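Note that the protein sequences, when read in sequence, are chains A and B. Using the working numbering, you'd call the opening residue of the first sequence number 6 and step up by one each time. Using the working numbering, you'd call the opening residue of the second sequence number 43 and step up by one each time. Read the structure below first, then the notes.
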Amino acid sequence: MNPAKEWRTFKAVFLRNLKLFTSYSAWIVAILIWPIPLLAVNIYSYKALGTDASISSIVSREFGISNFAGMVIIGTIVYLLYNRLLWGAGISLQSERWMGTIEALFMTPANRMTVLFACGVSSLIEGSWWIGCIFILSWMIFGVEPSITSWVAIAAGILSTMVALISVGVFFASFFVLTRAADQMASALQAPIRFFSGVVFPISALPQLLQFISYILPVTYGIQAMRKAVLTGGDVASISYELALLYVFALGLTVAGYFTLKALEKQAKRKGTLYMY
Amino acid sequence: MRTRRGSPLASPAVQVRNLTKVFEKAQKPQKGVAAALRGKIRPLKEKIAAVDHVNFEIREGEFFGLLGPNGAGKTTTIKLLCTLLVPDEGNASVNGFDVAKQAEQVRKSLGVVTGGERGLYWRLTGRENLWFFSQLYNVPGDVARPRIDALLRLVELQDRADEQVEKYSRGMKQRLHVIKGLVNDPPILLLDEPTLGLDPSSARVIRDFVKERLQKEQHKTILHTTHYMEEADQLCDRIAIIDHGKIIALDTPANLKKSIQKLEVARIQVTQFNPSDQESIKTIERVKEAVVEYTDPTVGAGQITIHAENLDEVIPRLTELLVKGGAKIIALQESKPSLEDVFISMTGRRLKE
């Protein structure tokens, strides 16, 4: 591997993605608006059941999280990051198909994994700033008081979640090389991930059988780590289990993505489906 | 033979041996619910050889043409050579590297230019497109910047280089396509229908550029696919004629035309031609081939191309037959054989069909 070559590829793809993203200004406005009602629906679903104090008391007793609005906000933010990766990096190769550039890209000697990682990082950067805005805004609207004792734990939680989510994006992108229906598959994956990873409720609320599915999703551990660090004053030691699992997922999905991409690219080249819409 | 840049061997620039690519195509479902269901569960597929045991070599610095009608296998051949497809049989090497086993080295050795609107990021500027691809080819920034400026000047796009590609005309996009294939300064260029759909003036600019600048000045090895016979005739040192995935002739344009020189060619402009007379024309003694190209089929208007061994004998019988069938002869011209005639004599069809 030639680091200078990989860096050139990474930088070129990253900058191209940011340029393409910022050339659609209407989209930026749209994605700033839609998560707020999404959060509001989730939080008011709880509020409809009683006073804030009574609901917080029940949630705290049952699940050990005292702040239900904070629980929903953290869950939604991590989910939005996942969603951004799925629709950014995950369908990056499908987007190349739509733009008519996938063949031009695959004719270059650039390392495909570097291309996909650059797509993942750019998706994250694109998503992070508006997710940050929503985070601050929703905190102000719903008046959530964070309980933070370790900023290192928060930084570690964010970093580990991002690394794991980038690998999720890389894995999906690899998998979507073969299919021409990446957008439909990405849509189909939205609701199940939102449900099983406990975006708006703790996964302990799920029946035991369904919890097994939650445990195989990296989004679950990202949400758990961030909830502990932001809402219950958790330090690095208290989230180390989640952090370790996030890195295991990152490694596993990257390796799986590499071999999937290799195998599916070969199959697409054999069948001649690489360029088809 | 000297060793090319980046090449491990003193072999031909491009070598193709028994190259074969077979695609599966789903057959139309049969009528009836049961048959339709069966077709969904286990669709019947037929195998089509898009490229069928093709052999050729391209020498260093040669301008080599692949001429054939749409669907003949030209683009599939290009895709096999630039590693977008893997061969089912046979092998090919580019710059001495095997396309199946040394794909990365093959890609480094190539510049590929496709025709049409695809392959560029329309929301980026022309310069940004070139920069992006130069980086993917690992060209250092201090080399890429002056090279991109020079390339933009070569095709007279320097004044529009910082505009988004979506604002370019078709001809400008195509010029950008051509120089995009040169950002890595490759020794070998694959040009896949680079003038497709361009107006005559834009097509001429591209043709002059690839012939004069790329081949004559920069000594690039060029594989050019086209279904425009005049273009192949004008540009190529040697031409392989491809039809239904097979190479049916390979030689210099002059030699290909010489191969049918014993035949005389006549082109007759007609109206009110009766299509059923086409087969009758072929029965006239000494007529070897008769092909009709309609300009307006509703009124039987078009051109009949005749290949015959002795036109002096054939023309009176032909005119008699046409007039008897109700056709009106507008013009009759004897001409020298073209590459189109070579194709007709070999396949009984026109290139543009």
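All C-beta atoms, glycine included, are put in the ideal place defined by N, C-alpha and C. Treat the numbers as computed from the prediction; the structure is a model and nothing was measured.
Local conformation of residue i per DSSP, three classes
i, result
"D201/B", "helix"
"E104/B", "coil"
"T325/B", "coil"
"L374/B", "strand"
"P144/B", "First, the residue type needs correcting, since residue 144/B is Gln and not Pro in the sequence shown. Coil, per DSSP."
"D293/B", "strand"
"T125/B", "coil"
"I310/B", "strand"
"L129/A", "helix"
"T315/B", "Note that residue 315/B corresponds to Phe in the displayed sequence, not to Thr. F315/B: coil per DSSP, three-state reduction."
"F181/A", "coil"
"R44/B", "Reliability fails at R44/B, whose pLDDT of 44 lies under 50, so the model's placement of it is uncertain and the value that follows must be treated cautiously. R44/B falls in the coil class under three-state DSSP."
"L170/A", "helix"
"V204/A", "coil"
"K73/B", "coil"
"E259/B", "helix"
"T113/A", "coil"
"L51/B", "Only weak support exists for where L51/B lies, its pLDDT of 49 falling under 50; the coordinates are left without a value."
"A369/B", "coil"
"T337/B", "strand"
"I153/A", "coil"
Where the beta strand (DSSP E) through residue i begins and ends
i, result
"I346/B", "A343 to A350"
"F65/B", "V56 to A68"
"A134/B", "E131 to V136"
"V154/B", "L152 to T156"
"D240/A", "That residue, D240/A, is in no beta strand (DSSP E); it is neither H nor E in DSSP."
"E208/B", "Element bounds for E208/B: n/a, residue is neither H nor E."
"R102/A", "It is not in any beta strand (DSSP E) - R102/A instead sits in the alpha helix (DSSP H) that spans S97 to M104."
"D191/B", "D191/B -> not in any beta strand (DSSP E); alpha helix (DSSP H) instead, spanning G183 to L196."
"L265/B", "T263 to T268"
Within 8 angstroms, strictly: CB atoms of residue i and residue j
i, j, result
"G174/A", "C138/A", "no"
"G157/B", "L238/B", "yes"
"F254/A", "P223/A", "yes"
"K87/B", "A68/B", "yes"
"F73/A", "Y49/A", "no"
"L25/A", "L90/A", "no"
"F175/B", "T113/A", "yes"
"K378/B", "V307/B", "yes"
"F105/B", "D279/B", "yes"
"L215/A", "F201/A", "yes"
"G227/A", "T154/A", "no"
"P228/B", "S322/B", "no"
"T119/A", "F15/A", "yes"
"R195/B", "M214/B", "no"
"P111/B", "H269/B", "yes"
"Q314/B", "G342/B", "yes"
C-alpha gap between residue i and residue j, whole angstroms
i, j, result
"L61/B", "I136/A", "52 angstroms"
"V204/A", "L256/A", "24 angstroms"
"G390/B", "A332/B", "8 angstroms"
"V384/B", "D285/B", "12 angstroms"
"P339/B", "D241/B", "25 angstroms"
"K116/B", "A78/B", "34 angstroms"
"T30/B", "G74/B", "Limits of chain B in this structure are 43 at one end and 395 at the other, which puts residue 30/B out of reach."
"V235/A", "V128/B", "52 angstroms"
"S152/A", "P40/A", "23 angstroms"
"A282/B", "P295/B", "9 angstroms"
"R13/A", "N226/B", "14 angstroms"
"K299/B", "S387/B", "11 angstroms"
"T325/B", "V334/B", "15 angstroms"
"M43/B", "H261/B", "Reliability fails at M43/B, whose pLDDT of 43 lies under 50, so the model's placement of it is uncertain and no value is given."
"L123/B", "Y179/B", "17 angstroms"
Boundaries of the alpha helix (DSSP H) in which residue i is found, first to last residue
i, result
"A9/A", "P8 to T27"
"L232/B", "No alpha helix (DSSP H) holds L232/B; the beta strand (DSSP E) holding it covers I230 to D234."
"A245/B", "P242 to D250"
"I78/A", "F73 to L90"
"R280/B", "That residue, R280/B, is in no alpha helix (DSSP H); its beta strand (DSSP E) goes R280 to D285."
"F264/A", "S245 to K276"
"Y220/A", "Q213 to Y220"
"E159/B", "No alpha helix (DSSP H) contains E159/B, which DSSP labels as neither H nor E."
"Q177/B", "G168 to L178"
Residue i beta carbon near the ligand SAM (any heavy atom closer than 7 angstroms)
i, result
"F122/A", "Ligands in the displayed structure: none, and consequently the ligand SAM is not present."
Exercise for review: Output, in sequence order along the chain, the residues in the segment 180-199 of chain B whose CB is closer than 9 angstroms to any CB in chain A.
Suggested key: N180, V181, P182 and G183
Practice item. Give, in chain order, every residue of the segment 109-128 of chain A whose Cβ lies closer than 7 angstroms to some Cβ of chain B. Key: A109, F111, M112, T113, P114 and A115
**Study point:** Interface positions of the segment 127-155 of chain B facing chain A (Cβ-Cβ less than 7 angstroms), listed along the chain
**Key:** L127, V128, E146, R149, K150 and V154
Practice item. With 7 angstroms as the C-beta to C-beta threshold (strictly closer), list the residues of the segment 74-107 of chain A near chain B in chain order. Key: M104, G105 and T106
Review point. Taking Cβ-Cβ distances below 9 angstroms as the criterion, which residues of the segment 15-41 of chain A are in contact with chain B?
Key: K16, A17, V18, L20, R21, K24, L25, S28 and Y29
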